[in-house]
Structures are given as C-alpha cells and as structure tokens.
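Participant: Residue numbers (the working numbering): -14 to 117.
No residue lacks a Cβ here, since even glycine has one placed at the ideal position from N, Cα and C.
Structure in structure tokens, see below.
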Amino acid sequence: MLFSEVLLEQGVDLELPISMDELLGILDDEIPSIPIDGKRYHIDSVNRASFGKQWRINVNITDDESINSGVAIIQLMAQDENTVLFSVPPRTDLVGFEFDPKGQMYGRMVFSMLNAFQERGLLDLPGRLPIE
C-alpha cells in the first residue's frame, strides 16, 4: 500500500501559523507548479473579496485536451488572524476516484504542499516528502 493510499483514507489536518490571505497566495503559487507529466494541477479561482473564515477549494487536473477532473478538496478554516487550519479530507468515491483510483495524483499534490509549507518554515518535517 502506498502512503498516498493511507492519505486517501485519513486525509491531512494541519494548523499553520499564517494568515488566510498568505495561505491563499501560497496555494495560488504552488498548486499550478506541481510537476506532473502531460497534465497540470489547478484550483478554482478564489474570490478574495468574499473573504470568510471557511473556504472549500477544489483541486483539479487538466490534461492536454482540457479535460478537467477533480482530484482533491482543500478546506481552510481561520482559527484567528494568524492561524489557519489546512485540511485535505479523506477522499470519497465522489472526488477523483475514477480518474486517480490509487491516489497517486492526490498524494503528489498533498506531499508537494507539505514540502512547500516546510520550505517556508510553516511546518517541521524530518525531510522532504517524495513526490515521485
């Protein structure tokens, strides 16, 4: 069993010492730059004018033919002005199951985001997580 398969069942919850606006900026920068052959990750556009305490963001993959498939959902909840709960819930059969049955694209996205948080000093991991 791949570790990404464990993530499919359990998801990820992190409390990050960052403002919601800063975290949205990281997601905007990082998710489209995650390497994946012949495809690219993207998130739904975020309207920051409608700032709230809770956000639900769909992560999709587009291939060369512009076919859009959901891979994961990211949930954000502001705990206070400078703390946000970052959550990627366990995946259900409704999100990305047919397109990514073993969760490899899901795992790559999650691991890439955890590595990005570590690089920015927001998370302390023993080392970089593999994304291959």
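Is Glu15 helix, strand or coil by DSSP?
Facilitator: Glu15: helix per DSSP, three-state reduction.
Participant: Taking Gly55 as part of the alpha helix (DSSP H), name the residues at either end of that continuous run.
Facilitator: No alpha helix (DSSP H) holds Gly55; the beta strand (DSSP E) holding it covers Asn53 to Asp65.
Participant: Write down the C-beta distance between Gly63 and Val69 rounded to the nearest angstrom, noting that I regard them as a contact closer than 8 Å.
Facilitator: Note that residue 63 corresponds to Ala in the displayed sequence, not to Gly. Indeed, because the Cβ distance is near 6 Å, the residues count as touching under 8 Å.
Participant: Whose C-beta lies closer than 6 Å to the C-beta of Arg105 among residues of the same chain, with five residues either side of it excluded?
Facilitator: Within the same chain, Arg105 has no close Cβ partners at all.
Participant: Quick check on the burial criterion: 16 or more other C-beta atoms within 10 angstroms. Buried or exposed for Ser97?
Facilitator: Label assigned to Ser97: buried.
Participant: Within 10 Å of its beta-carbon, does Asp6 have 16 or more other beta-carbons around it, so buried, or fewer, so exposed?
Facilitator: Exposed, since its Cβ has fewer than 16 Cβ neighbours within 10 Å.
Participant: Report the three-state DSSP secondary structure of Leu110 (helix, strand or coil).
Facilitator: It is coil, neither helix nor strand.
Participant: Tell me whether Ser72 sits in a helix, a strand or coil according to DSSP, three-state version.
Facilitator: Correct three-state label for Ser72: strand.
Participant: Could you pull the DSSP bridge partners for Arg25 from this structure?
Facilitator: Paired residue(s): Thr47.
Participant: Taking the beta strand (DSSP E) that Asp85 belongs to, which residues open and close that run?
Facilitator: Careful: Asp85 lies outside any beta strand (DSSP E) and carries neither H nor E.
Participant: Could you please give me the residues that DSSP links to Leu(-1) through a beta bridge?
Facilitator: Answer is Phe71.
Participant: Let me know the secondary structure DSSP gives Arg93 once reduced to three states.
Facilitator: Looking at Arg93 - three-state DSSP - the assignment turns out to be helix.
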